[in-house]
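A.B. asks:
Residue numbers (mature numbering (1 follows the signal peptide of the UniProt record, and there is no 0)): -16 to -1, 1 to 311.
(1) Spell out the partners DSSP gives residue 167 in its beta bridges.
(2) Taking DSSP as the reference, what is the three-state secondary structure of residue 225?
(3) How about the region 111 to 123 and the region 70 to 78: do they share at least three Cβ pairs that are nearer than 8 Å?
(4) Are the CB atoms of residue 92 and residue 6 within a distance shorter than 9 Å?
(5) Below 8 Å on the Cβ atoms is my guess for residue 59 versus residue 34; work out the distance and round it to an integer in Å.
(6) Residue 157 lies in the beta strand (DSSP E); which residues open and close that run?
(7) Do the CB positions of residue 134 and residue 80 come within less than 9 Å of each other?
(8) Can you tell me where the beta strand (DSSP E) holding residue 63 begins and where it ends?
(9) Cα separation between residue 2 and residue 83?
(10) Closer than 6 Å by C-beta to residue 22: which residues in its own chain qualify, once you throw out the five before and the five after it? Chain order, please.
(11) Look at the alpha carbon of residue 185 and the alpha carbon of residue 150, and state the distance between them as a whole number of angstroms.
(12) Alpha carbon to alpha carbon, what distance is there between residue 169 and residue 105?
(13) Going by beta-carbon coordinates alone, are residue 114 and residue 223 separated by less than 9 Å?
(14) Just mark residue 245 as buried or exposed, buried being the case when its beta carbon has 16 or more other beta carbons within 10 Å.
(15) Going by DSSP, what residue range makes up the beta strand (DSSP E) through residue 49?
(16) List, from N- to C-terminal side, the beta strand (DSSP E) runs of 3 residues or more that fit wholly inside the region 78 to 104.
(17) Who are the Cβ neighbours of residue 198 in its own chain at under 6 Å, not counting the five residues just before and after it?
(18) Using DSSP with H/G/I as helix, E/B as strand and the rest coil, what is residue 110?
(19) Would you mind stating whether residue 109 and residue 94 have Cβ atoms separated by less than 9 Å?
(20) For residue 146, which residues in the same chain have their Cβ closer than 6 Å to its Cβ, ignoring the five residues on either side in sequence?
(21) Please list the terminal residues of the continuous beta strand (DSSP E) segment that includes residue 145.
(22) Buried or exposed: residue 148, going by 16 or more other Cβ atoms within 10 Å of its Cβ?
(23) Mind checking residue 40: buried by the 16 CB within 10 Å criterion, or exposed?
(24) Cα-Cα, which of 112, 167, 51 and 98 is closest to residue 142?
(25) Could you pull the start and end residues of the beta strand (DSSP E) that residue 320 belongs to?
(26) Taking the CB atoms as reference points, tell me whether residue 103 and residue 153 lie closer together than 9 Å.
(27) Rounding to the nearest angstrom, what Cα-Cα distance links residue 96 and residue 20 in this structure?
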């Protein structure tokens, strides 16, 4: 009887004071670890079994940056992030301890979804002015938004086409311009958290067949005028130079200082001269300038001689009176 009593007392003294925590788990609201930017994120830490007061811990990242600590006499506890931001996308876990040592939960990935901002619609390189037959590129892009993003293109509220961007960046849609494509265009962007619509952009079309003929003629006339100026310019300059040279040479010929002297005949004062009109050769040097050339010319004039001189010339020849030309 005594041994059994001793065993009972020992069992009562050796029994632990409570039940340690077990099966620690971390859940999120909204579920799945997906939360929209600006929305509230709740991290719920729970245990399957435990007694007494339980201390809860919440950690961010694999290295365990402590976010919050709470002591509650319950099997669950919550930690709230009032407005989730894109920087809150991370791994989280929690731990629980009631005096027997902490027990950790598994890691949970949190994804913060960023809604799309208002997209911008552009018309590629052609701009908002196009010609019939051109290929126009519509490009729609939103500056913010978590991918994937779905884009739709509209012409006068009618869907032209759609495209998706699995990663960052916009989407494009190409079409060949016809007469029906003038008007207003816009696009929409959505990533499952509401759609955003761009501003309306107007596309204007130009029909080359309607361009006035005078415009083409004007271009042609301008080209012909330029050609004529280029060809006739040198010819006109040459004609002006020739006219100037002709005028200059004419003035030189009319200059009395440059004209050769004319012979002057005088009657002999000797009445008994057998040949009163006999002439004497006289040589003179006259310089004539023509342009840049200078010439030495020899002119010879006849003057009356006395009878005795004329008789002497007939006897001995006129070579005695001739001078040498000067060049």
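The C-beta atom is built at its ideal place from N, Cα and C for all residues, glycine as well.
C.D. replies: So, from the listed chains and residues:
(1) Numbered from 1 along the chain shown, position 183 holds the residue referred to as residue 167. In the DSSP output, where bridge partners are listed per residue, residue 167 has 187.
(2) Position 241 of the chain shown, counted from the start, is the residue given in the question as residue 225. Of the three classes helix, strand and coil, the one that applies to residue 225 here is helix, per DSSP.
(3) no
(4) In the chain shown, counting from the first residue as 1, residue 6 sits at position 22. In the chain shown, counting from the first residue as 1, residue 92 sits at position 108. No, these two residues do not count as a Cβ contact at 9 Å.
(5) Translated into positions along the chain shown, residue 59 becomes position 75. Translated into positions along the chain shown, residue 34 becomes position 50. That belief holds up - the Cβ atoms of residue 59 and residue 34 are roughly 7 Å apart, short of 8 Å.
(6) Stepping through the chain shown from its first residue, residue 157 is reached at position 173. That run of the beta strand (DSSP E) goes 155 to 160.
(7) For the purposes of this step, residue 134 is taken as the residue at position 150 of the chain shown. For the purposes of this step, residue 80 is taken as the residue at position 96 of the chain shown. No, the Cβ-Cβ distance between residue 134 and residue 80 is not below 9 Å.
(8) In the chain shown, counting from the first residue as 1, residue 63 sits at position 79. Counting along the chain, the beta strand (DSSP E) containing residue 63 begins and ends at 60 to 65.
(9) Reading the chain shown from its first residue, position 18 is the one you call residue 2. Reading the chain shown from its first residue, position 99 is the one you call residue 83. Answer to the nearest angstrom: the Cα atoms are 9 Å apart.
(10) To locate residue 22, count along the chain shown from 1; it is residue 38. Cβ neighbours of residue 22 beyond the five flanking positions: 67.
(11) Residue 185 sits at position 201 when you count from the first residue of the chain shown. Residue 150 sits at position 166 when you count from the first residue of the chain shown. Each residue's alpha carbon lies about 26 Å from the other.
(12) Here the question's residue 105 lines up with position 121 in the chain shown. Here the question's residue 169 lines up with position 185 in the chain shown. Their Cα atoms are separated by approximately 8 Å.
(13) Residue numbering aside, residue 114 sits at position 130 when the chain shown is read from its first letter. Residue numbering aside, residue 223 sits at position 239 when the chain shown is read from its first letter. Result no, Cβ atoms of residue 114 and residue 223 do not sit closer than 9 Å.
(14) In the chain shown, the residue the question calls residue 245 occupies position 261. A caution first: residue 245 carries a pLDDT of 49, below 50, which makes its placement in the model unreliable, though a value can still be read off. With fewer than 16 other Cβ atoms within 10 Å, it is exposed.
(15) To locate residue 49, count along the chain shown from 1; it is residue 65. It spans 49 to 56 - the beta strand (DSSP E) in which residue 49 sits, taken as one unbroken run.
(16) 95 to 97
(17) For the purposes of this step, residue 198 is taken as residue 214 along the chain shown, with counting starting at 1. Residue confidence for residue 198 is low, a pLDDT of 46 falling below 50, so the modelled location carries little weight and cannot support an answer.
(18) Within the chain shown, numbered from 1, the residue matching residue 110 stands at position 126. Coil.
(19) Position 125 of the chain shown holds residue 109. Position 110 of the chain shown holds residue 94. Result no, Cβ atoms of residue 109 and residue 94 do not sit closer than 9 Å.
(20) Locating residue 146 in the chain shown gives position 162, counting from the first residue. 136, listed in sequence order.
(21) Taking the chain shown and counting its residues from 1, one reaches residue 145 at position 161. Taken as a continuous stretch (DSSP letters only), the beta strand (DSSP E) holding residue 145 covers 142 to 149.
(22) The residue given as residue 148 occupies position 164 in the chain shown. Classification for residue 148: exposed.
(23) Here residue 40 is taken as the residue at index 56 of the chain shown, counted from 1. Per the 10 Å Cβ criterion, buried.
(24) Here residue 142 refers to the residue found at position 158 when the chain shown is read from its first residue. Nearest option by C-alpha distance: 167.
(25) This structure gives no information on residue 320, because the portion of the chain shown stretches from -16 to 311.
(26) Working through the chain shown from its first residue, we reach residue 103 at position 119. Working through the chain shown from its first residue, we reach residue 153 at position 169. No, Cβ-Cβ distance for residue 103 and residue 153 is not below 9 Å.
(27) Taking the first residue of the chain shown as position 1, residue 96 is located at position 112. Taking the first residue of the chain shown as position 1, residue 20 is located at position 36. Each residue's Cα considered, the two are about 5 Å apart.
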